[in-house]
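Residue numbers (this note's numbering): 21 to 304. For glycine and all other residues, C-beta sits at the position ideal for the given N, C-alpha and C. Everything below concerns the one structure shown next.
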Amino acid sequence: MNLVIALLPALGWGLNPLLISKIGGKPVNQTLGTGVGALIVGIIVQLMYTPHVNATTFILSALSGAFWVLGQIGQYTAYGRMGVSSTMPISTGVQLVGTSVIGVLMFGEWGGVTAKLVGFAAIILMIIGVAMTAVTDNSDSRAGLASGLTVLLPTTVGYWIYSALPKAVSASGVAIFFPQMLGMCLAALLYALIAGGPAAFKQRTSWLNAFAGMIFGVSALAYIFSAKDNGVATAYVITQLSVVISTLGGMLVLHEHKTKRELRLTLIGLVLIVAGSVMTAFLG
């Protein structure tokens, strides 16, 4: 049963980009739907467990969720410009590198010389992996890649802050779950009002994408329980299968084309990204 719980986040987060792309809509529709769906799960969890947090923890957790939306906007925009199979390994790799560096610099993780050497070797592996997945042979693909990276890379700071803020509070994952989902929804609503106006709330794709938001919420909740039952390192490592699922799914389900050379480099890059993340997971 523990293994099933551990696999749920990987499956949910891996399939989510495919579902979002299949449902369609603009990034504003996808973001709005995701925020609403995540809040629905957050409310259910709050009613079931009724955890209590102080005001500071609540605010920091809500801010964490709001910054997640920034990263998600960049990711959704990149799907349309460079495809899921190119976006996900790059996005995941950059997230892992950034959160690892923040953990070392701000929270004193990777204590000791050996841990730091292994950790920074892992970062190098992930950077090489990201670079390999970004290789394109077609001029149109290169233009799409460049366009996608201009929005994907700067907005990834939102994911970094989303991961870092909960480390600054002393509360369980279930306790901060609802405020995080609330922050996501409020930020998504604000973005929808600014970018799409009232029309975004009337479009069918906005509400269909709420299913993707609920899948994200359930996956995030499953990760909390997996970390408790299996240990943080094991739970985290298994979630990295999500990038493999989404990348291969982009090619197989969404029919995103890659040349033989691009496919070979992408697969090698995925292995390096996952290997690097596995190395960092056991450093503490």
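Here A295 is actually not in contact with M204; their C-beta atoms are around 30 Å apart, not less than 8 Å.
Judged by DSSP in its simplified three-state form, N22 adopts helix. Residue K280 holds the alpha-carbon nearest to the alpha-carbon of D157 among A220, I110 and K280. In the pairwise beta carbon analysis, the stretch 122-134 is classified as not touching the stretch 232-245: fewer than three pairs are separated by under 8 Å.
For T170, the enclosing alpha helix (DSSP H) starts and ends at S159 to T175. For R224, the closest alpha carbon among the candidates G216, N49, G91 and L23 is that of N49. K222 counts as exposed, since fewer than 16 other C-beta atoms from the protein chains shown sit within 10 angstroms of its C-beta. Under the three-state reduction of DSSP, E276 is assigned to coil, being neither helix nor strand. Note that the stretch 67-77 does not touch the stretch 163-181; fewer than 3 beta-carbon pairs, one per stretch, sit closer than 8 Å.
Scanning M102, Y96 and L35 for the CA closest to the CA of E276 turns up M102.
Remark: C-beta atoms of S161 and L52 do not approach each other more closely than 8 Å. When C-beta atoms of the stretch 173-191 are compared with those of the stretch 110-120, three or more pairs fall below 8 Å, so the two segments count as touching.
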